[in-house]
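Visitor: Residue 128 in the working numbering is what sits at position 128 of the sequence shown, and the numbering runs on without skipping anything. C-beta atoms are modelled at their ideal positions from N, C-alpha and C, and glycine is treated no differently. All figures in this text were calculated on a predicted structure; none of them were measured in a lab.
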Amino acid sequence: MKFLKDIKRCRNLLKEDRKKYWNNNKKNFEKNLMKIINSYKIPKPWKIYVVAGNFISNKKIMPYDWDSWSATLLICATKRQNYEIMLFFNRARSEFLSVPGLIRIVTHELKHVDQLIKNPSDEIKSKINDKFSEREEKEVETEVDKLPKEFLEQTALESVLYCYDNYGWEAAKKMADFFKNQETVYSGGYSEWMTKEEYNIFMKAKKEKNINLFINNY
């Protein structure tokens with residue numbers, strides 16, 4: 001699969017100068033997003049607008065905060081107004097990720113694009129009905145879970161490491177907790193984004209104050 005060959009290179013870099021790694025990912029964030037999105041074939045007459053940004057907030061939004069969400073939004077779907085979708089990617093949650101680390105997040109939103117194109121009115125319904133939204137998320141996550149496990153692991157690995165490097169052990173634990181409890185966030189319907197085994201290894205690394213125990217698990 002495309003981008004799978006980049007996993008080994010990224011994991012080696014995570015054992016070296018991670019500050020440079022995070023800075024490079026942030027610098028190339030928009031380009032990296034489009035690498036993935038451009039590999040997706042958008043059926044005519046639909047058009048996708050991509051937005052990457054931060055919310056204006058009186059506090060810093062962390063990668064594990066509720067406010068770090070990304071979204072797929074219907075703009076219009078008529079012959080007169082055109083057929084347009086907006087993809088919003090929250091920098092707070094994802095700008096530090098590599099291309100392999102972004103695959104899970106971007107694929108999740110692109111699967112929502114598929115749902116929206118199939119039935120635009122469902123996008124609005126999902127915003128006002130938790131049960132319907134949960135069903136939509138389960139459908140998306142079932143498809144995302146078919147990705148090679150290396151992509152699924154990379155999102156968790158990079159996110160936890162980024163929090164550790166920049167904010168310390170407690171922030172890294174909050175990120176790990178967020179992933180471990182992913183099934184319950186927002187409307188529900190998500191898969192676990194960190195396995196129990198991965199979480200337990202992280203907790204062992206935290207207890208022993210040795211982040212390499214976590215890194216070497218991958």
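Quick check on the burial criterion: 16 or more other C-beta atoms within 10 angstroms. Buried or exposed for P43?
Guide: Exposed, because fewer than 16 other Cβ atoms sit within 10 Å of the Cβ of P43.
Visitor: Could you check the C-alpha separation between F202 and L161 for me, to the nearest Å?
Guide: Each residue's Cα considered, the two are about 10 Å apart.
Visitor: Which word fits C10, buried or exposed, when buried means at least 16 other C-beta atoms lie within 10 angstroms of its C-beta?
Guide: With 16 or more other Cβ atoms within 10 Å, it is buried.
Visitor: Which same chain residues end up closer than 7 Å to K15 when comparing Cβ atoms and leaving out the 5 residues on each side of it in sequence?
Guide: So the list reads I215, once near-sequence residues are dropped.
Visitor: If you drop the 5 nearest sequence neighbours on each side, which residues of the same chain put their C-beta closer than 6 Å to that of E180?
Guide: Note that residue 180 is Lys in the sequence shown, not Glu. Hits under 6 Å: M194 and Y199.
Visitor: For A176, which residues in the same chain have their Cβ closer than 7 Å to its Cβ, ignoring the five residues on either side in sequence?
Guide: Contacts found: V160, M194, Y199 and F202.
Visitor: Hey, how far is the Cα of Y277 from the Cα of K2?
Guide: Within the shown structure, residues of the chain are numbered from 1 to 218, placing residue 277 beyond reach of any answer.
Visitor: Under three-state DSSP, which class holds L3?
Guide: Residue identity check: residue 3 is Phe in the sequence provided, not Leu. F3 falls in the coil class under three-state DSSP.
Visitor: Apply the 10 Å Cβ neighbour rule to T259 and answer buried if 16 or more other Cβ atoms are within range, or exposed otherwise.
Guide: Outside the modelled stretch of the chain, which goes from 1 to 218, sits residue 259, for which no answer is possible.
Visitor: By the DSSP assignment, the alpha helix (DSSP H) with N82 in it spans what residues?
Guide: First-last for N82: N82 to N90, but that is the beta strand (DSSP E), not the alpha helix (DSSP H).
Visitor: If we ignore side chains and look at the alpha-carbon of each, how far apart do K87 and E153 end up?
Guide: Note on identity: in this sequence residue 87 is Leu, with Lys being the wrong assignment. The straight-line gap from Cα to Cα measures roughly 23 Å.
Visitor: With distances taken Cα to Cα, identify the nearest neighbour of M34 among T72, E134, I103 and P148.
Guide: Nearest C-alpha to M34: I103.
Visitor: Per the DSSP calculation, C76 is bridged to which residue(s)?
Guide: Answer is E84.
Visitor: How is the beta strand (DSSP E) around W233 delimited, first residue to last?
Guide: Coverage of the chain is limited to positions 1 through 218, which leaves residue 233 absent and any answer about it impossible.
Visitor: Whose C-beta lies closer than 6 Å to the C-beta of Y49 among residues of the same chain, with five residues either side of it excluded?
Guide: Correct list, in chain order: M86.
Visitor: For the region 139-152 against the region 110-120, do three or more pairs of beta-carbon atoms, one drawn from each stretch, fall closer than 8 Å, so that the two count as touching?
Guide: The region 139-152 is in contact with the region 110-120.
Visitor: At 3 residues or longer, what runs of the beta strand (DSSP E) sit wholly inside the region 133-178?
Guide: Fully enclosed beta strand (DSSP E) runs of 3 or longer: not present.
Visitor: Pair every Cβ in the region 166-175 with every Cβ in the region 57-70, then say whether three or more of these pairs are closer than 8 Å.
Guide: With the cut-off at 8 Å, the region 166-175 and the region 57-70 touch.
Visitor: Let me know if E136 comes out buried or exposed under the rule of 16 or more other beta-carbons within 10 Å of its beta-carbon.
Guide: So E136 ends up on the buried side.
Visitor: Just to confirm the assignment, what range does the alpha helix (DSSP H) spanning V113 have?
Guide: Per DSSP, V113 belongs to the alpha helix (DSSP H) from V99 to K118.
Visitor: Indicate whether S232 and S57 have their beta-carbon atoms separated by less than 9 Å.
Guide: Absent from the structure is residue 232, since the part of the chain shown begins at 1 and ends at 218.
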